[in-house]
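Trainee: Okay, so the sequence shown: first residue is 219 according to the working numbering, each after it adds one.
Even for Gly, the Cβ is constructed at its ideal location relative to N, Cα and C.
Below is the structure I would like to discuss, written out as structure tokens.
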Amino acid sequence: MKDIDIQSKYPTIRLDALPKHVAIIMDGNGRWAKKRGKPRVFGHKNGVKAVREATELAAELGIEYITLYAFSTENWQRPRLEVNMLMSLLVDTIGKEIATLNDNNIRLKAIGDINGLPDKTREALLEGIEKTKNNTRSTLILALNYSGKWEITRAVRQIASGVLDGTLTIDQISQDTIGAHLNTQNIPDPEILIRTSGEHRISNFLLWQIAYTELFFLPIYWPEFTKQHFVEVLEDYQNRERRFGKTSEQLEG
Ligand code: IPE
Ligand code: IPE
Ligand code: MG
């Protein structure tokens with residue numbers, strides 16, 4: 219679609235002031251299912267539709283990165299059956315969505331401890347990444363077996379071993395050094411973080427990267443999330459003033 223068509227489809231959004239990176243904590247699948255008297259996995263299955271809504275809008279608008287928190291390092295503590303169902307849902311979903319990702323020119327990526335995933339899930343993920351690697355419109359990043367504290371700990375270990383083997387001195391360690399050892403190296407920090415389900419917490423997501431991110435907490439469950447909710451977040455974002463420590467007057471000058 220041409221920019222002019224996109225603008226008439228989304229007239230309330232300024233296309234020249236879009237974020238480059240939107241991160242989403244997809245929460246509330248279990249409660250959504252419970253409300254309907256269904257098992258929690260029914261909620262996870264219905265969450266896939268919302269993933270499509272979010273990624274499609276990002277691609278339509280040309281938002282470069284969208285990161286979805288799909289499974290945290292803490293989520294292994296859930297009942298084994300739910301964990302197994304989530305891991306096989308990932309295999310099914312990635313397999314089914316590769317064609318759509320290619321149709322929409324979306325590249326798949328992942329952050330997190332991918333080696334700690336079950337073989338089939340890791341293989342499906344790597345296949346999805348390989349088959350979409352040449353797409354350029356937008357990048358969909360799945361956070362899988364991910365947590366911010368895991369990621370920072372890993373970065374500290376890598377940096378410490380660099381100091382130990384003499385490739386780095388302590389004085390050379392800067393914020394950029396730390397950023398470069400995170401899974402998100404070369405990806406801009408998210409301007410927007412959305413969490414659904416009405417919960418107001420970060421749950422160990424992108425801790426370093428969200429230092430100056432605008433936060434949006436939506437009172438809906440993840441399976442209810444549509445493009446319209448995303449559009450409303452973007453409108454709200456475009457009306458916020460991001461001061462980065464400065465005063466309002468300084469920004470005007
Ligand atoms: C989010 O929904 C999906 C994952 C964490 C995998 P939940 O499963 O956390 O749903 P609630 O929060 O229990 O309702
Ligand atoms: C955060 O949701 C993790 C994901 C969305 C993958 P949780 O449902 O696991 O978070 P808590 O436990 O309520 O904080
Ligand atoms: Mg939850």
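Which parts of the segment 297 to 372 are runs of the beta strand (DSSP E), unbroken and 3 residues or longer, counting only runs that do not cross its ends?
Mentor: Listed in chain order, the complete beta strand (DSSP E) runs (minimum 3 residues) inside the segment 297 to 372 are 324 to 329 and 356 to 364.
Trainee: Is the beta carbon of N422 sitting closer than 8 angstroms to the one on G366?
Mentor: Within the sequence shown, residue 422 is the residue found at index 204, counting from 1. Within the sequence shown, residue 366 is the residue found at index 148, counting from 1. Going by C-beta atoms, N422 is nearer than 8 angstroms to G366.
Trainee: Should S421 be listed as close to ligand 2, given that the test is whether its C-beta is under 7 angstroms from any heavy atom?
Mentor: On the sequence shown, position 203 is the one that residue 421 refers to. At a threshold of 7 angstroms, S421 counts as near ligand 2, since its beta carbon sits closer than that to one of the ligand's heavy atoms.
Trainee: Where do the ends of the beta strand (DSSP E) carrying R413 lie?
Mentor: As a first step, residue 413 is located in the sequence shown; it is residue number 195 there, counting from the start. Counting along the chain, the beta strand (DSSP E) containing R413 begins and ends at I410 to R413.
Trainee: Pick helix, strand or coil for A429, following the three-state DSSP scheme.
Mentor: Position 211 of the sequence shown holds residue 429. Here A429 sits in coil by DSSP.
Trainee: Can you tell me whether N333 is buried or exposed? The criterion is at least 16 other CB atoms within 10 Å of its CB, across all chains shown.
Mentor: Working through the sequence shown from its first residue, we reach residue 333 at position 115. Result: exposed.
Trainee: Cα-Cα, which of H262, L436, P441 and F443 is closest to M530?
Mentor: Nothing can be reported for residue 530: it is not among the residues displayed for the chain, which extend from 219 to 471.
Trainee: Please classify T273: does DSSP put it in a helix, a strand, or coil?
Mentor: Taking the sequence shown and counting its residues from 1, the one referred to as residue 273 is at position 55. Three-state DSSP puts T273 in a helix.
Trainee: Please report the residue range of the alpha helix (DSSP H) in which S466 lies.
Mentor: One-based indexing of the sequence shown puts residue 466 at position 248. Where S466 is concerned, the enclosing alpha helix (DSSP H) starts and stops at S466 to E470.
Trainee: Tell me whether Q468 is buried or exposed, calling it buried when 16 or more other Cβ atoms sit within 10 Å of its Cβ.
Mentor: In the sequence shown, counting from the first residue as 1, residue 468 sits at position 250. By the Cβ neighbour-count rule, Q468 is exposed, with fewer than 16 other Cβ atoms within 10 Å of its own.
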